[in-house]
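All remarks here apply to the structure that follows.
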Amino acid sequence: MSSHREAPEISKDPVADNTDTYAFVSPDRPDTVTIISNYIPLEDPAGGPNFFEFGDDVLYRINVNNSGDARADIVYEFQFSTTIRNENTFLYNTGPIDSLTSTNFNRPQTMTVTEVRGGKRRVLGRNLPTPPCNVGLRSTPNYPALADAAIADVGDGIKVFAGQRLDGFYVDLGSVFDLAALRPFQSLHLIPTTNADGVNALHAFNVHTIAIQVPIKRLTGDGSAPTDASKREAVIGVWASAYRQKGRYQDDSHSTSSGPFTQVSRLANPLFNEVIVPMSRKDRWNRLSPAQDSQFARYVAQPELAKLLPVLYPGVFPNLAGLTADRADLLAILLTGIPSGLVPGFHNYSGRTQADMLRLNLAIPPSGKPLVNGLIAGDLAGFPNGRRVFDNVVAIELRAIAGALYPLVDPAYVPDAAAGALFDIVDGTSGPPPSVTYLNRFPYLDHPVGGYQVQPLSVAS
Amino acid sequence: MTVLSRRTILQAGAGAAVAVPMTVLATRVAAADRVIAGTPGPEAFSADGSTAAHPVMFCVHDAATGEVSILHGTGEVVVRDKKLVSTILAAAAATPPSSVVTATAPGA
């Protein structure tokens, strides 16, 4: 998965488990950037009576670097507070929730948003309401209105939202983790089966989203809105992170925490910790900052999955099998940004510091007709130039790891035919899977699936 | 105990906001021989050495050197205090460890 349950330790702490991070120039407000970080993987919409919520004891951050050193120059912090209105019921809601102030909403959660800039903290909003989970037709009868009411304008052109959303990421988990038997290519696998279409394992699962929309001028180092995409200053780096206090004490009635907040999760490029970093180092990676990522560069330079593909698909990747040089293409895509001169009219190089960040060139406007395969399809506004909610990141990264982009750094290399054809669920030519829907406005991820409306998964033979 | 009725379900389930009580563990911070490192927390210690809303916790890193982390509020101080660590370890050794702790508080 992008980063759902991607490391042993954080997989046991879902409310702090960052599943996806997105950063893109807002298509309907192109003078702003939208940054989204999702938490709580694989929310079953019917998972009551204690429906999903953010952790009151977790500090959530969205980090922006504009100076190329992979250290946070601007931070947006999000902290949550939950109350129980009626302590004598087991119910999440004691009737229909028709507004965020409804007394039927028995477990409301509010949010405080703080901006940290130049070491100075400024609270942008306190006690901002968040919507309930989408319980069902009777409990949350007009969910879009509830969710929209939770979009807050906190001044300076900044919008924020936090709450449940439909997971916009799509991936065939069953195939990826069953020895990478990618559907529909399983007949070519070392352990072959009949080809069949891919399955979106995240279909009808929800997540919890923290989204912020910020004017571009508030994110650049000099306070300008870049117009020249060739400039280094046009590129920002973005990542999300979550923190818990160092000490936790549990007694007969409750638990409490003490001490400084320490990082337990982070995320920028999808799949970085998931398929690049070895399992033995994944927990360590989650505790470090991007500026310390050079120690993981060797796993990018010699990715394990690139060695596995020729073994798992005999005869399909002969050229990849012979590619033993360090993968300068992947080092650029994932750790420094793509320098000028490799892709016409494009760069998102942020400097020599090797760091896993989503690198977004702010001077590249949103696409009028976005292509979900992003940069490899010629859409300069798509992944890995930041990441949009609908980008086909699994297919893009599969193709990159299989060597499809290696000619950018070594024109003599001829990719295997399969490298450019790999995909997971959809090849991207017709957009995302039809079952995954999005909004064309903030917060862009669609309203969550209702617990009453969801149907159980089926099992194929 | 509130009894839910059809009316309350369909109209307005009344509820009263409650505050979750926070136990304050009043722990006096011993004078340390040497402060090794610290991150100040925003919550100041009160006159009796306790914090306003959070317990003080500690973690002994090295009994031989007396190095111990003291967590308070959102801060941490690492001190080297053999006497403090000796007292802690002696108290721990005086009570047999219990693998499972059951609730003892009234109403638990």
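First to last, the protein sequences are chains A and B.
If you want my numbering, it's the 1-based position in the first sequence plus 129.
To convert, note that position 98 of the second sequence is 90 in my numbering; the numbers rise steadily by one, no gaps.
All C-beta atoms in this analysis are idealised placements derived from N, C-alpha and C, irrespective of residue type, glycine included.
> So is THR87 (chain B) in contact with chain A if we call contact Cβ pairs under 7 Å?
Replying inline: Counted from its first residue, the second sequence places residue 87 (chain B) at position 95. For THR87 (chain B), the answer is no, since every Cβ of chain A falls outside 7 Å of its Cβ.
> Taking Cβ to Cβ, would you say THR338 (chain A) is nearer than 7 Å to LEU574 (chain A)?
Replying inline: Counting from 1 along the first sequence, the entry for residue 338 (chain A) is found at position 209. Counting from 1 along the first sequence, the entry for residue 574 (chain A) is found at position 445. For THR338 (chain A) and LEU574 (chain A), yes; Cβs fall inside 7 Å.
> Expressed to the nearest angstrom, what Euclidean distance is found between the alpha-carbon atoms of ALA547 (chain A) and SER316 (chain A)?
Replying inline: Against the first sequence, residue 547 (chain A) aligns to sequence position 418. Against the first sequence, residue 316 (chain A) aligns to sequence position 187. Their Cα atoms are separated by approximately 14 Å.
>> Quick check: what's the CA-CA separation for SER353 (chain A) versus TYR205 (chain A)?
In response: For the purposes of this step, residue 353 (chain A) is taken as the residue at position 224 of the first sequence. For the purposes of this step, residue 205 (chain A) is taken as the residue at position 76 of the first sequence. Whole-angstrom Cα-Cα distance: 19 Å.
> Using a C-beta to C-beta distance shorter than 7 Å, which residues of chain B count as neighbours of LYS375 (chain A)?
Replying inline: As a position in the first sequence, residue 375 (chain A) is number 246, starting the count at 1. Chain B residues near LYS375 (chain A): LEU63 and GLU68.
>> For the beta strand (DSSP E) containing SER166 (chain A), name the first residue and the last one.
In response: For the purposes of this step, residue 166 (chain A) is taken as residue 37 along the first sequence, with counting starting at 1. Element bounds for SER166 (chain A): 161 to 172.
>> Quick check on this structure: which residue in A:ASN256, A:LYS375, A:GLN238 and A:ILE554 has the alpha carbon closest to the alpha carbon of TYR299 (chain A)?
In response: The count along the first sequence starts at 1 and reaches residue 299 (chain A) at position 170. The candidate whose alpha carbon is nearest that of TYR299 (chain A) is A:ILE554.
> Which term fits ILE320 (chain A), buried or exposed, when burial requires 16 or more other beta carbons within 10 angstroms of its beta carbon?
Replying inline: Here residue 320 (chain A) corresponds to residue number 191 of the first sequence, with the count starting at 1. Exposed: under 16 other Cβ atoms inside 10 Å.
> If you draw a straight line from the alpha carbon of THR241 (chain A) to that of ARG251 (chain A), how long is it in whole angstroms?
Replying inline: Taking the first residue of the first sequence as 1, we reach residue 241 (chain A) at position 112. Taking the first residue of the first sequence as 1, we reach residue 251 (chain A) at position 122. Cα to Cα, the separation comes out at about 11 Å.
> Between the Cα of LEU489 (chain A) and the Cα atoms of A:PRO447, A:GLN584, A:ALA136 and A:TYR151, which residue gives the shortest distance?
Replying inline: The count along the first sequence starts at 1 and reaches residue 489 (chain A) at position 360. Answer by Cα proximity: A:TYR151.
> If we count the other Cβ atoms within 10 Å of its Cβ and call it buried at 16 or more, is ASP326 (chain A) buried or exposed?
Replying inline: Within the first sequence, the letter at position 197 stands for residue 326 (chain A). Exposed, since its Cβ has fewer than 16 Cβ neighbours within 10 Å.
>> Mapping the DSSP letters down to three states, classify ASN194 (chain A) as helix, strand or coil.
In response: As a first step, residue 194 (chain A) must be located in the first sequence, where it is residue number 65. ASN194 (chain A): strand per DSSP, three-state reduction.
> Quick one: is HIS53 (chain B) near chain A, going by C-beta distance under 7 Å?
Replying inline: Residue numbering aside, residue 53 (chain B) sits at position 61 when the second sequence is read from its first letter. Judged by the 7 Å Cβ criterion, HIS53 (chain B) is not in contact with chain A.
> Nearest to ASN195 (chain A) by alpha carbon, out of A:PRO513, A:THR566, A:ASN477 and A:ASP539?
Replying inline: Walking along the first sequence from the start, residue 195 (chain A) turns up at place 66. When only C-alpha atoms are compared, the closest one is A:ASN477.
>> Short of 7 Å in beta carbon distance, which residues of its chain neighbour VAL583 (chain A), apart from the five on each side in sequence? Order them along the chain.
In response: Counted from its first residue, the first sequence places residue 583 (chain A) at position 454. So the list reads PRO174, ALA175 and ALA333, once near-sequence residues are dropped.
>> Please report the straight-line C-alpha distance between ILE280 (chain A) and ARG570 (chain A), rounded to a whole angstrom.
In response: Numbered from 1 along the first sequence, position 151 holds the residue referred to as residue 280 (chain A). Numbered from 1 along the first sequence, position 441 holds the residue referred to as residue 570 (chain A). Distance between the alpha carbons of ILE280 (chain A) and ARG570 (chain A): 11 Å.
>> Please list the terminal residues of the continuous beta strand (DSSP E) segment that includes MET486 (chain A).
In response: Translated into positions along the first sequence, residue 486 (chain A) becomes position 357. Here MET486 (chain A) belongs to no beta strand (DSSP E), and DSSP marks it neither H nor E.
>> Quick check on DSSP: helix, strand or coil for SER370 (chain A)?
In response: As a working mapping, residue 370 (chain A) is identified with position 241 in the first sequence. In the structure shown, SER370 (chain A) sits in a strand (DSSP, three-state: E or B).
> In three-state terms, what does DSSP make of LYS141 (chain A)?
Replying inline: Stepping through the first sequence from its first residue, residue 141 (chain A) is reached at position 12. Three-state result, LYS141 (chain A): helix.
> Counting pairs of Cβ atoms below 8 Å between the region 520 to 527 of chain A and the region 416 to 427 of chain A, do you hit three or more?
Replying inline: no
>> By the three-class DSSP mapping on this structure, what secondary structure does THR19 (chain B) have?
In response: Translated into positions along the second sequence, residue 19 (chain B) becomes position 27. Residue confidence is low: THR19 (chain B) scores 36 on pLDDT, short of 50, so the model does not pin down where it sits. Its coordinate-derived value is still stated next. THR19 (chain B) falls in the coil class under three-state DSSP.
> Below 8 Å, can you find three or more Cβ-Cβ pairs linking the region 424 to 434 of chain A to the region 510 to 517 of chain A?
Replying inline: Because the criterion of three Cβ pairs below 8 Å is not met, the region 424 to 434 of chain A and the region 510 to 517 of chain A do not touch.
> Relative to chain B, which residues along the region 550 to 570 of chain A have a C-beta separation below 7 Å, given in chain order?
Replying inline: none
>> Against PHE390 (chain A), what residues of chain B qualify as contacts under a CB-to-CB distance less than 9 Å, listed in chain order?
In response: For the purposes of this step, residue 390 (chain A) is taken as the residue at position 261 of the first sequence. Chain B residues near PHE390 (chain A): THR66.
>> According to DSSP, simplified to helix, strand and coil, what is ALA152 (chain A)?
In response: One-based indexing of the first sequence puts residue 152 (chain A) at position 23. Residue state, collapsed to three classes: strand.
> SER359 (chain A) by DSSP, collapsed to three states: which one?
Replying inline: Locating residue 359 (chain A) in the first sequence gives position 230, where the first residue counts as 1. SER359 (chain A): coil per DSSP, three-state reduction.
> For ASP185 (chain A), which residues of its own chain have a beta-carbon under 7 Å away from its beta-carbon, when the five flanking residues on both sides are left out?
Replying inline: Here residue 185 (chain A) is taken as the residue at index 56 of the first sequence, counted from 1. Closer than 7 Å at Cβ, skipping near neighbours: PHE209, SER210 and THR211.
>> Taking the straight line between their C-alpha atoms, what separation do you get for GLY67 (chain B) and ASN415 (chain A)?
In response: Numbered from its first residue, the second sequence carries residue 67 (chain B) at position 75. Numbered from its first residue, the first sequence carries residue 415 (chain A) at position 286. Cα to Cα, GLY67 (chain B) sits roughly 21 Å from ASN415 (chain A).
> Residues in its own chain within less than 6 Å of LEU551 (chain A) by CB, not counting five upstream and five downstream?
Replying inline: For the purposes of this step, residue 551 (chain A) is taken as the residue at position 422 of the first sequence. Answer for LEU551 (chain A): LEU527, ARG528 and ALA531, listed in chain order.
> Which of the three DSSP states, helix, strand or coil, is assigned to VAL10 (chain B)?
Replying inline: Walking along the second sequence from the start, residue 10 (chain B) turns up at place 18. Per-residue confidence for VAL10 (chain B) stands at a pLDDT of 26, beneath the threshold of 50, marking its modelled position as unreliable; the derived number appears in the next sentence. It is coil, neither helix nor strand.
> With 7 Å set as the bound, which would you pick, yes or no: does the beta-carbon of TYR189 (chain A) sit closer than that to a beta-carbon of chain B?
Replying inline: By one-based count along the first sequence, residue 189 (chain A) stands at place 60. No Cβ of chain B is located within less than 7 Å of the beta carbon of TYR189 (chain A).
> Expressed to the nearest angstrom, what Euclidean distance is found between the alpha-carbon atoms of ALA82 (chain B) and GLN374 (chain A)?
Replying inline: If you number the second sequence from 1, residue 82 (chain B) lands on position 90. If you number the first sequence from 1, residue 374 (chain A) lands on position 245. Straight-line Cα distance between these residues: approximately 27 Å.
> Within the 7 Å Cβ cut-off, does SER387 (chain A) reach chain B?
Replying inline: To locate residue 387 (chain A), count along the first sequence from 1; it is residue 258. Closer than 7 Å to some Cβ of chain B, the Cβ of SER387 (chain A) qualifies, so yes.
> Would SER370 (chain A) be called buried (16 or more neighbouring beta carbons within 10 Å of its own) or exposed?
Replying inline: Along the first sequence, one-based indexing puts residue 370 (chain A) at 241. The residue is buried, with at least 16 neighbouring Cβ atoms inside 10 Å.
>> Tell me the DSSP secondary structure of THR385 (chain A) in three-state form.
In response: Here the question's residue 385 (chain A) lines up with position 256 in the first sequence. Looking at THR385 (chain A) - three-state DSSP - the assignment turns out to be strand.
> Is the Cβ of TYR378 (chain A) closer than 7 Å to any Cβ of chain B?
Replying inline: As a working mapping, residue 378 (chain A) is identified with position 249 in the first sequence. Yes, TYR378 (chain A) lies at the interface with chain B (some Cβ there is under 7 Å from its Cβ).
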